[in-house]
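Chemist:
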Amino acid sequence: MSYVAIIPARLKSTRLPNKPLADIAGQPMIVRVVAQALKAQASQVVVATDAPEVAAVVKAAGQQVLLTRADHPSGTDRLAEAVDLLQLPDEAIVVNVQGDEPLLDPALIDAVAAQLAANPALAMATACHPIHDAADFFNPNVVKVVCDAAQRAMYFSRAPIPWDRDAFAEDNEDEDWVLPAELGAQRHIGLYAYRAGFLRAYAKLAASRLEDIEKLEQLRVLWHGYQIGVYQASVAPAAGVDTPEDLARVRAVFAGEAEA
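Our numbering numbers the first residue of the sequence shown as 3 and each following residue consecutively.
#1: Roughly how far, in whole angstroms, is the beta-carbon of Val-60 from the beta-carbon of Thr-128, given that I think they are within contact range, below 8 Å?
#2: What do you reckon, are the CB atoms on Val-144 and Ile-163 nearer than 9 Å?
#3: Return the first residue and the last residue of the beta strand (DSSP E) that Thr-51 is part of.
#4: At the 9 Å Cβ level, is Tyr-196 part of the contact set with chain B, yes or no?
#5: Select from Ala-161, Glu-213, Gly-101 the residue whose C-alpha is nearest the C-alpha of Gly-242.
#6: With three or more C-beta pairs closer than 8 Å as the rule, is the stretch 206-214 touching the stretch 123-141?
#7: I need the straight-line Cα distance from Glu-94 to Gly-199, nearest angstrom please.
#8: Put Tyr-196 into one of helix, strand or coil per three-state DSSP.
#9: Would you mind listing the beta strand (DSSP E) stretches within the stretch 56-120 that are 3+ residues and don't spill past its ends, in chain order?
#10: Would you be able to state if there are at least three C-beta pairs under 8 Å between the stretch 218-229 and the stretch 109-117?
#11: Let's test the definition: count the other Cβ atoms within 10 Å of the Cβ of Val-298 and tell me whether it reaches 16, buried, or not, exposed.
#12: Three or more beta-carbon pairs under 8 Å between the stretch 9-24 and the stretch 51-69, yes or no?
#13: Nearest to Phe-256 by CA position, among Trp-225, Met-31, Ala-238, Pro-91, is which residue?
#14: Compute the Euclidean distance between the alpha carbons of Ala-72 and Leu-201, then round it to the nearest angstrom.
#15: Determine the DSSP secondary structure at Met-3, reduced to helix, strand or coil.
#16: His-74: buried (16+ other C-beta within 10 angstroms of its C-beta) or exposed?
#17: In angstroms, rounded to a whole number, what distance separates the CA positions of Ile-230 and Gly-64?
#18: I need the DSSP call for Phe-158, collapsed to helix, strand or coil.
#19: With DSSP run on the structure shown, which of helix, strand or coil describes Gly-242?
#20: Is it buried or exposed for Arg-17, if we count other Cβ within 10 angstroms and need 16 for buried?
#21: Keeping to the same chain, check which residues put their C-beta closer than 7 Å to that of Leu-40; ignore five residues upstream and five downstream.
#22: DSSP state of Val-147, grouped into three classes?
#23: Applying the 10 Å Cβ sphere with the 16-neighbour rule, what's the burial state of Thr-245?
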């Protein structure tokens with residue numbers, strides 16, 4: 003299996019400005035993410051950014067970077083430009099590695115790429131893991147996914163799905179919910195693999211009403227009839243960096259490794 007890992011990165015972040023350049027144990031975050039992606043089996047790891055500052059630190063680290071347009075509405079659209087700049091054939095597999103996940107397990111990157119490679123009918127692949135905590139199940143910031151018998155995504159939602167009508171029928175005024183053992187709720191992991199040809203097509207797809215409502219761009223894919231395979235991980239991956247608190251947590255991890 004051969005695939006290319008592309009890391010979209012932009013400086014504009016409302017909760018953590020200049021996030022890709024944030025220092026983590028002496029290196030910018032984006033360089034830490036590249037180093038983690040290089041541990042996977044990708045044939046090529048490339049950063050795609052509209053920020054010259056990000057491009058400069060990646061180049062200084064001796065890694066490959068593409069300078070893309072600044073008007074992309076999403077990281078997926080930035081990937082579509084990147085596959086053209088790289089002149090990848092339509093059948094090439096591309097994994098979108100988020101630029102704020104310096105602790106991402108390389109094996110998970112490989113697994114999502116393999117999920118796509120194993121099924122030519124899929125346009126995309128992504129990942130999930132079981133939800134055991136009721137607080138996560140009811141949290142709208144935790145995206146859930148429901149799959150069919152072939153482990154293809156049926157729907158993604160911020161709502162608690164699947165809803166067990168009988169188990170949740172009782173009045174729970176204190177919200178002391180307990181998830182039924184057989185519920186099988188799954189949390190979506192925001193890691194994606196695409197075929198390069200689909201990325202080119204995606205850039206031309208109209209946004210869907212469901213995507214606008216849920217604020218989940220993967221719903222555009224399902225809306226237009228494409229199939230998304232879902233790799234089921236056994237445990238949750240390490241969380242990414244969205245806030246200053248997240249950054250402090252990741253810095254502590256790297257500081258601990260340096261001391262070990």
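All C-beta atoms in this analysis are idealised placements derived from N, C-alpha and C, irrespective of residue type, glycine included. Bear in mind that the values here come from a model prediction, so they are computed numbers and not experimental data.
Modeler: Checking against the coordinates, here is how it stands:
#1: By 1-based counting over the sequence shown, the position of residue 60 is 58. By 1-based counting over the sequence shown, the position of residue 128 is 126. Between Thr-128 and Val-60 the Cβ distance is about 25 Å, and since that is not below 8 Å, they are no contact.
#2: If you number the sequence shown from 1, residue 144 lands on position 142. If you number the sequence shown from 1, residue 163 lands on position 161. Cβ distance not < 9 Å, so Val-144 and Ile-163 don't count as in contact.
#3: In the sequence shown, residue 51 corresponds to position 49, counting from 1. 46-51 is the extent of the beta strand (DSSP E) around Thr-51.
#4: In the structure shown, chain B cannot be found, because there is only a single protein chain.
#5: Along the sequence shown, read from residue 1 onward, the residue named residue 242 stands at position 240. It is Gly-101.
#6: no
#7: Taking the sequence shown and counting its residues from 1, the one referred to as residue 94 is at position 92. Taking the sequence shown and counting its residues from 1, the one referred to as residue 199 is at position 197. Strictly speaking, residue 94 in this sequence is Ala, with Glu absent from that position. Between Ala-94 and Gly-199, the C-alpha separation is close to 8 Å.
#8: For the purposes of this step, residue 196 is taken as the residue at position 194 of the sequence shown. Strand at Tyr-196.
#9: 66-69, 95-98
#10: no
#11: What the structure shows of the chain is the stretch from 3 to 262, and residue 298 is not part of that stretch, so it cannot be assessed.
#12: yes
#13: Locating residue 256 in the sequence shown gives position 254, counting from the first residue. Among Trp-225, Met-31, Ala-238, Pro-91, the Cα nearest to that of Phe-256 belongs to Met-31.
#14: Here residue 72 corresponds to residue number 70 of the sequence shown, with the count starting at 1. Here residue 201 corresponds to residue number 199 of the sequence shown, with the count starting at 1. Going by the C-alpha atoms only, they are around 18 Å apart.
#15: Position 1 of the sequence shown, counted from the start, is the residue given in the question as residue 3. Note: Met-3 maps to coil in three-state DSSP.
#16: Residue mapping note: residue 74 aligns to position 72 of the sequence shown, counting from 1. Looking at its Cβ environment, which holds 16 or more other Cβ atoms inside 10 Å, His-74 is buried.
#17: The sequence position of residue 230 within the sequence shown is 228, counting from 1. The sequence position of residue 64 within the sequence shown is 62, counting from 1. The straight-line gap from Cα to Cα measures roughly 34 Å.
#18: Here residue 158 refers to the residue found at position 156 of the sequence shown. Here Phe-158 sits in strand by DSSP.
#19: Locating residue 242 in the sequence shown gives position 240, counting from the first residue. Three-state DSSP puts Gly-242 in coil, outside helix and strand.
#20: Here residue 17 corresponds to residue number 15 of the sequence shown, with the count starting at 1. By the neighbour-count rule (16 or more Cβ atoms within 10 Å), Arg-17 is not buried but exposed.
#21: Working through the sequence shown from its first residue, we reach residue 40 at position 38. Only Val-47 meet the Cβ criterion.
#22: For the purposes of this step, residue 147 is taken as the residue at position 145 of the sequence shown. In the structure shown, Val-147 sits in a strand (DSSP, three-state: E or B).
#23: The sequence position of residue 245 within the sequence shown is 243, counting from 1. Exposed: under 16 other Cβ atoms inside 10 Å.
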